[in-house]
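In this note's numbering, the protein residues as written are 1 to 311.
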């Protein structure tokens with residue numbers, strides 16, 4: 001039981017049958033073979049599209065992450081067509097040593113036609129981190145350029161416009177280490193009447209294989225914690241998970257809205273994505289923990305009602 005802290009042919013007939021022997025059959029067969037070879041030679045003479053080692057002059061790429069991309073672990077491959085002609089892009093992948101595989105299109109079969117002078121963001125799904133790689137580095141983008149004559153791959157450096165990959169790599173690798181000792185998940189939400197704190201339930205399940213201290217949970221741009229002064233951002237827990245412990249611990253977090261302007265809910269991107277601060281081997285780190293889409297909807301509805309602008 002979890003202890004409760006207060007705190008997802010038959011042979012052919014006719015003149016060319018095997019019963020016909022002699023020079024005529026041999027000549028005819030040779031003629032047919034010669035024709036086949038001529039046709040094959042014509043087919044071989046049509047060259048396949050040559051791979052394009054670089055993008056057309058004036059076309060550049062970069063990676064960026066919007067606020068709405070964070071929770072679903074996605075990003076944007078930003079393609080700017082500075083050439084004088086439109087380009088059509090099929091498959092894309094971003095290869096970065098900090099990931100354990102390539103990042104590819106969220107919508108795999110989609111094709112993007114980019115007019116001259118236009119920038120288009122192609123949404124990509126980010127893979128898990130490779131924590132054996134250093135935090136710094138740069139990605140490479142591979143784009144399938146599609147034309148009337150076929151398609152070819154082009155490769156280009158893909159700089160990170162906001163530096164989000166390095167930060168993500170750090171947090172992902174903190175989480176990987178934490179998971180050796182315990183898993184953390186938001187497992188329940190109980191809304192409240194206006195003026196009273198709601199309850200967000202955090203469950204910490206030790207593995208028995210390591211140690212970690214859950215220092216606390218930080219508020220978001222939408223939600224705060226009752227009892228935490230406005231100038232502070234951390235709801236302290238100081239929950240130690242020692243080696244060998246396997247009993248789940250449930251912590252109740254007292255939530256209140258951080259703000260009550262309607263557009264904060266209507267335009268929410270990160271309001272239910274919490275930073276969890278931990279201590280591992282004497283060093284502090286943090287990682288992001290999402291409540292999940294269903295609970296997110298419940299929480300946004302509660303904020304609207306709590307603040308007095310809900311339906």
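Every residue gets a Cβ at the ideal spot worked out from N, C-alpha and C, and that includes glycine.
Identify, in the order they occur along the chain, each residue of the same chain with its Cβ nearer than 8 Å to the Cβ of residue i, setting aside the five sequence neighbours on each side.
| i | result |
| --- | --- |
| residue 201 | 186, 187, 188, 189, 190, 250, 251, 252 and 253 |
| residue 35 | Caution is warranted here: a pLDDT of 44 is assigned to residue 35, below 50, making its placement in the model unreliable, and the coordinate value is therefore given only provisionally. Cβ neighbours of residue 35 beyond the five flanking positions: none. |
Name the DSSP bridge partner or partners of residue i?
| i | result |
| --- | --- |
| residue 107 | Bridge partners of residue 107: none, in fact. |
| residue 266 | In DSSP, residue 266 forms no bridge with anything. |
| residue 197 | Residue 197 is not bridged to any residue. |
| residue 81 | 59 |
| residue 142 | 93 and 155 |
| residue 123 | 76 |
| residue 253 | 200 |
| residue 314 | With the chain running from 1 to 311 in the structure shown, residue 314 is simply not present. |
| residue 273 | 290 |
| residue 305 | BP columns for residue 305 are empty, so no partner. |
Quick check on DSSP: helix, strand or coil for residue i?
| i | result |
| --- | --- |
| residue 286 | strand |
| residue 133 | coil |
| residue 154 | strand |
| residue 297 | helix |
| residue 181 | helix |
| residue 70 | coil |
| residue 280 | strand |
| residue 164 | helix |
| residue 175 | helix |
| residue 212 | strand |
| residue 217 | strand |
| residue 228 | coil |
| residue 170 | helix |
| residue 128 | coil |
| residue 101 | coil |
| residue 222 | coil |
| residue 258 | coil |
| residue 205 | strand |
| residue 187 | strand |
Can you tell which of the options has its C-alpha closest to the C-alpha of residue i?
| i | options | result |
| --- | --- | --- |
| residue 271 | 209, 258 and 277 | 258 |
| residue 132 | 265, 169, 81 and 146 | 169 |
| residue 105 | 84, 99 and 75 | 75 |
| residue 214 | 120, 288, 121 and 79 | 288 |
| residue 160 | 304, 305 and 77 | 77 |
| residue 58 | 85, 70 and 64 | 85 |
| residue 295 | 81, 306 and 273 | 273 |
| residue 260 | 55, 176, 221 and 71 | 221 |
| residue 90 | 163, 64 and 113 | 113 |
| residue 129 | 236, 99, 264 and 80 | 99 |
| residue 119 | 139, 140 and 79 | 79 |
| residue 121 | 193, 228 and 65 | 65 |
| residue 108 | 101, 123, 95 and 116 | 123 |
| residue 227 | 243, 244 and 195 | 195 |
| residue 82 | 62, 115, 269 and 167 | 115 |
| residue 283 | 236, 174, 246 and 292 | 174 |
| residue 71 | 225, 268, 255 and 244 | 268 |
| residue 324 | 247, 73 and 117 | Nothing about residue 324 can be read from this structure; the chain reaches only from 1 to 311. |
| residue 275 | 248, 262, 166 and 171 | 171 |
| residue 164 | 145, 150, 146 and 135 | 135 |
| residue 125 | 69, 266, 145 and 229 | 69 |
| residue 230 | 147, 298, 256 and 87 | 256 |
| residue 244 | 210, 145, 304 and 87 | 210 |
| residue 87 | 139, 95, 53 and 144 | 144 |
Does at least one heavy atom of the ligand SAM sit under 7 Å from the Cβ of residue i?
| i | result |
| --- | --- |
| residue 241 | As for the ligand SAM, it is missing from this structure, which has no ligand bound. |
Residues in the same chain with beta-carbon distance under 6 Å from residue i, minus the five sequence neighbours each way, listed in chain order, please.
| i | result |
| --- | --- |
| residue 142 | 93, 153 and 155 |
| residue 234 | 216 and 218 |
| residue 280 | 177 and 212 |
| residue 291 | 186 and 272 |
| residue 97 | 133 and 137 |
| residue 55 | 154 and 156 |
| residue 262 | 309 |
| residue 27 | The predicted position of residue 27 is uncertain, since its pLDDT is 37 and thus under 50; no value can be drawn from it. |
Taking buried to mean at least 16 other C-beta atoms within 10 Å of its own C-beta, is residue i buried or exposed?
| i | result |
| --- | --- |
| residue 197 | buried |
| residue 67 | exposed |
| residue 308 | exposed |
| residue 111 | exposed |
| residue 180 | exposed |
| residue 206 | buried |
| residue 147 | exposed |
| residue 150 | exposed |
| residue 117 | exposed |
| residue 139 | buried |
Going by beta carbon distance, what residues of the same chain come within less than 7 Å of residue i, once the five residues before and after it are set aside?
| i | result |
| --- | --- |
| residue 302 | 191 and 198 |
| residue 182 | 204, 205, 206, 207, 212 and 241 |
| residue 62 | 78, 158, 159 and 161 |
| residue 285 | 174 and 278 |
| residue 101 | 127 |
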